[in-house]
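Engineer: Mapping of the sequence shown onto the numbering used here: residues 10 to 345, in sequence order. Take this structure first; my questions come after.
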Amino acid sequence: MSETTTEKKKVIFSAIQPSGTITLGNYLGALRNWVSLQDEYNCIYAVADLHAITVRQEPKAFRQNILEAYALLLACGIDPEKSPFFIQSHVHTHAELAWILNCYTQFGELSRMTQFKDKSAKHADNVNAGLFTYPSLMAADILLYQADMVPVGVDQKQHLELTRNIAERFNGIYGSTFKIPEPYIAEVGSKVMSLQEPTKKMSKSDENVNAWVAVLDKPDVIMKKFKRAVTDSEAVVRVGEGKDGINNLIGIMSTVTGKTADEIAVEFEGKGYGDFKVAVAEAVIEVLRPIQERFSDYIANKDYLVEQYHKGAEFALRLSQRTLTKAMKKIGYLVG
Ligand code: ATP
Ligand code: LTN
């Protein structure tokens, strides 16, 4: 992508953590949108491996997860010819700006983040400072590229709001430095719930493997997980209160087929949950099949992956360095 086109279209930035297998929630809530935005915007995407160590990672699995996340995103349709796509730890400006932004972020603001509260409850033995300052690194990711919009699932909205507050605060002190980004949250699929506890979001770090469907799960595994999905005792396929499990399955079905909830209710009138679960599983399997096939090709071609992530990092460093230098000059650092 040439840098002249970079100037014209709006800039989109987003990232995903390689903290485990990428789930159907990640795909429907975020990745699918990343792919569809590529023609209309200047998109820049990253694998957020710096963020991932806020939770302990086993080195061998972590190295593999980073590479697999990169390959899987390509398989989902991220086109590195259109959208620079890199690995966060390869671009040192991220950690540098994150430190700076930490000094413009308040303890109270970080304490209010629900993700921090949830994750510190879940990993009570490792409530590290990185988990706490996670949002300032995320703010750095976004602000370095002067992003106009950030496509994420609804769970990240609070982090986006904090990013805007940090940027506004910095701009207020030093004059215009960072673009104030908008969240881009697609209506459908923005929150896929756990198949086992449908009041909680589907999360790749959930220890109960039946709670999530991985994009790379084999068809028989996907079928089994949907068949085991928690539902209710009404046995009517319709959206309703207290029907979190069915609401979630209808949401998934609607996102993958493009049918409305009403159309789905009509289609399954008089049929039981068993039939419906099988139909949802089949629809999901069909959507994931081509992605899984492409993934096998990419992961077998390590040279190609290395070439692409080097190219992405080079581009990202050049672009982000401009913003970092600008911010550092404003603060009073001896730059150059
Ligand atoms: P973790 O469980 O480790 O917190 P995660 O599954 O929440 O991970 P992230 O890497 O934090 O995944 O998120 C990647 C993207 O996927 C984000 O844009 C996030 O909003 C979106 N996302 C994550 N889970 C869901 C979900 N259940 N439904 C919709 N979108 C989701
Ligand atoms: N925290 C994000 C992952 C992430 C991200 C970002 C998303 C890291 N940096 C920048 C958007 C923009 C999450 O989705 N859990």
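Heads up, the beta-carbon is just placed ideally off N, CA and C, and yes, glycines get one too.
Residues in its own chain within less than 8 angstroms of A80 by CB, not counting five upstream and five downstream?
Structural biologist: Position 71 of the sequence shown holds residue 80. For A80, where only same-chain residues beyond five positions count, the Cβ hits under 8 angstroms are F304, Y307, I308 and L314.
Engineer: How would you label V287, buried or exposed, when you count the other beta carbons within 10 angstroms and need 16 or more for buried?
Structural biologist: Within the sequence shown, numbered from 1, the residue matching residue 287 stands at position 278. V287 comes out exposed.
Engineer: Going by DSSP in three states, G151 sits in which element: helix, strand or coil?
Structural biologist: The residue you call residue 151 lines up with position 142 of the sequence shown. One point to set straight first is that residue 151 is Ile, not Gly, in the sequence displayed. If DSSP states are grouped into helix, strand and coil, I151 belongs with the helices.
Engineer: Indicate whether A149 and L110 have their beta-carbon atoms separated by less than 9 angstroms.
Structural biologist: Sequence index remark: in the sequence shown, residue 149 carries index 140 (1-based). Sequence index remark: in the sequence shown, residue 110 carries index 101 (1-based). Against a cut-off of 9 angstroms, the Cβ pair of L110 and A149 comes out as a contact.
Engineer: In this structure, does DSSP put S23 in helix, strand or coil?
Structural biologist: In the sequence shown, the residue the question calls residue 23 occupies position 14. Here S23 sits in strand by DSSP.
Engineer: Kindly provide the ranges of any alpha helix (DSSP H) runs that are 4 or more residues long and lie completely inside the segment 70-127, ordered along the chain.
Structural biologist: Within the segment 70-127, the complete alpha helix (DSSP H) runs of at least 4 residues are 102-111 and 116-120.
Engineer: To the nearest angstrom, report how far apart G249 and E278 are at their CA atoms.
Structural biologist: In the sequence shown, residue 249 corresponds to position 240, counting from 1. In the sequence shown, residue 278 corresponds to position 269, counting from 1. Distance between the alpha carbons of G249 and E278 is about 15 angstroms.
Engineer: Quick one: what's got a C-beta closer than 6 angstroms to A176's C-beta in the same chain, skipping five residues either side?
Structural biologist: In the sequence shown, counting from the first residue as 1, residue 176 sits at position 167. So the qualifying residues of the chain are L152, F187 and I189.
Engineer: How about M202: is its Cβ closer than 8 angstroms to a heavy atom in ligand 1?
Structural biologist: The residue given as residue 202 occupies position 193 in the sequence shown. Yes, the Cβ of M202 comes within 8 angstroms of a heavy atom of ligand 1.
Engineer: Closer than 8 angstroms to a non-hydrogen atom of ligand 2 - does that hold for the CB of S23?
Structural biologist: The residue you call residue 23 lines up with position 14 of the sequence shown. Yes; taking the cut-off as 8 angstroms, the Cβ of S23 has a heavy atom of ligand 2 nearer than that.
Engineer: Based on Cα-Cα distance, which residue from L171, V136, G184 and N180 lies nearest to P192?
Structural biologist: In the sequence shown, counting from the first residue as 1, residue 192 sits at position 183. Ranking L171, V136, G184 and N180 by Cα distance to P192 puts L171 first.
Engineer: Would you identify the three-state DSSP class for V218, choosing helix, strand or coil?
Structural biologist: For the purposes of this step, residue 218 is taken as the residue at position 209 of the sequence shown. V218: helix per DSSP, three-state reduction.
Engineer: Could you name the residues of the same chain whose beta carbon sits closer than 8 angstroms to that of N174, not counting the 5 residues immediately before and after it, in chain order?
Structural biologist: Position 165 of the sequence shown, counted from the first residue, corresponds to residue 174. Closer than 8 angstroms at Cβ, skipping near neighbours: E118.
Engineer: With distance defined between alpha-carbon atoms, name the residue in E323, E77 and V296 nearest to R41.
Structural biologist: Translated into the one-based positions of the sequence shown, residue 41 becomes position 32. Selected option, being the one with the closest Cα: V296.
Engineer: So, helix, strand or coil for K210, using DSSP?
Structural biologist: Your numbering for residue 210 matches position 201 in the sequence shown. In this structure, K210 counts as strand in the three-state DSSP scheme.
Engineer: My output table needs one value for V265: the three-state DSSP class, helix, strand or coil.
Structural biologist: Within the sequence shown, the letter at position 256 stands for residue 265. In the structure shown, V265 sits in a helix (DSSP, three-state: H, G or I).
Engineer: If you measure from the CB of H101, is any heavy atom of ligand 2 nearer than 8 angstroms?
Structural biologist: Here residue 101 corresponds to residue number 92 of the sequence shown, with the count starting at 1. No, ligand 2 has no heavy atom inside 8 angstroms of this Cβ.
Engineer: Could you name the residues of the same chain whose beta carbon sits closer than 6 angstroms to that of F235, not counting the 5 residues immediately before and after it, in chain order?
Structural biologist: The residue labelled residue 235 in the question sits at position 226 within the sequence shown. Excluding positions up to five away in sequence, the list reads K286, V289 and A290.
Engineer: Specify the secondary structure class of P55 as computed by DSSP and reduced to three states.
Structural biologist: Mapped onto the sequence shown, residue 55 falls at position 46. For the record, residue 55 in the displayed sequence is Ala; it is not Pro. A55 falls in the strand class under three-state DSSP.
Engineer: Near P89, which residues of its chain fall below 8 angstroms by C-beta distance, leaving aside the five closest residues on each side in sequence?
Structural biologist: Here residue 89 corresponds to residue number 80 of the sequence shown, with the count starting at 1. Cβ neighbours of P89 beyond the five flanking positions: L83, Q317, K320 and G321.
Engineer: Helix, strand or coil for Y143, going by three-state DSSP, please let me know.
Structural biologist: The residue labelled residue 143 in the question sits at position 134 within the sequence shown. Helix.
Engineer: State the DSSP-derived secondary structure class of P228, mapped to helix, strand or coil.
Structural biologist: Within the sequence shown, residue 228 is the residue found at index 219, counting from 1. Helix.
Engineer: Using a Cβ-Cβ cutoff of less than 8 angstroms, which residues in the same chain neighbour T15 once the five nearest sequence positions on both sides are dropped?
Structural biologist: Position 6 of the sequence shown, counting from 1, holds the residue named residue 15. The pLDDT assigned to T15 is 48, lower than 50, so where the model puts this residue is not dependable; a value taken from the coordinates is nonetheless given after this. Taken in chain order, the residues that qualify are N51 and L328.
Engineer: Looking only at its own chain, which residues have a Cβ that is under 6 angstroms from the Cβ of R331, when we skip the five neighbours before and after it?
Structural biologist: What you label residue 331 is simply residue 322 of the sequence shown in a count that begins at 1. Excluding sequence neighbours, R331 sits near nothing in its chain.
Engineer: For ligand 4, any of its heavy atoms closer than 8 angstroms to the Cβ of A57?
Structural biologist: Absence of ligand 4 from the depicted structure is noted, with ligand 1 and ligand 2 being the only ligands included.
Engineer: Under 8 angstroms: does the beta carbon of M147 sit that close to some heavy atom of ligand 2?
Structural biologist: Translated into the one-based positions of the sequence shown, residue 147 becomes position 138. Answer for M147: yes, Cβ within range of ligand 2.
Engineer: Kindly indicate which three-state DSSP category F187 falls into: helix, strand or coil?
Structural biologist: Position 178 of the sequence shown, counted from the start, is the residue given in the question as residue 187. Looking at F187 - three-state DSSP - the assignment turns out to be coil, as it is neither helix nor strand.
Engineer: Kindly indicate the opening and closing residues of the alpha helix (DSSP H) around V315.
Structural biologist: Taking the first residue of the sequence shown as position 1, residue 315 is located at position 306. Here the alpha helix (DSSP H) through V315 covers K311 to I340.
Engineer: To which residues of the same chain is N348 closer than 7 angstroms at the C-beta, ignoring the five residues directly before and after it?
Structural biologist: Residue coverage of the chain in this structure runs from 10 to 345, which leaves residue 348 outside it and unanswerable.
Engineer: Do you know how far the Cα of V245 is from the Cα of D253?
Structural biologist: For the purposes of this step, residue 253 is taken as the residue at position 244 of the sequence shown. For the purposes of this step, residue 245 is taken as the residue at position 236 of the sequence shown. Near 13 angstroms, if we compare the C-alpha coordinates of V245 and D253.
Engineer: Kindly indicate which residue of K126, N219 and M202 has the alpha-carbon position closest to the one of R237.
Structural biologist: Position 228 of the sequence shown, counting from 1, holds the residue named residue 237. Answer by Cα proximity: N219.
Engineer: Could you please give the first and the last residue of the uninterrupted beta strand (DSSP E) stretch that includes V293?
Structural biologist: Within the sequence shown, the letter at position 284 stands for residue 293. Note, V293: premise wrong, no beta strand (DSSP E); alpha helix (DSSP H) at Y282 to I308.
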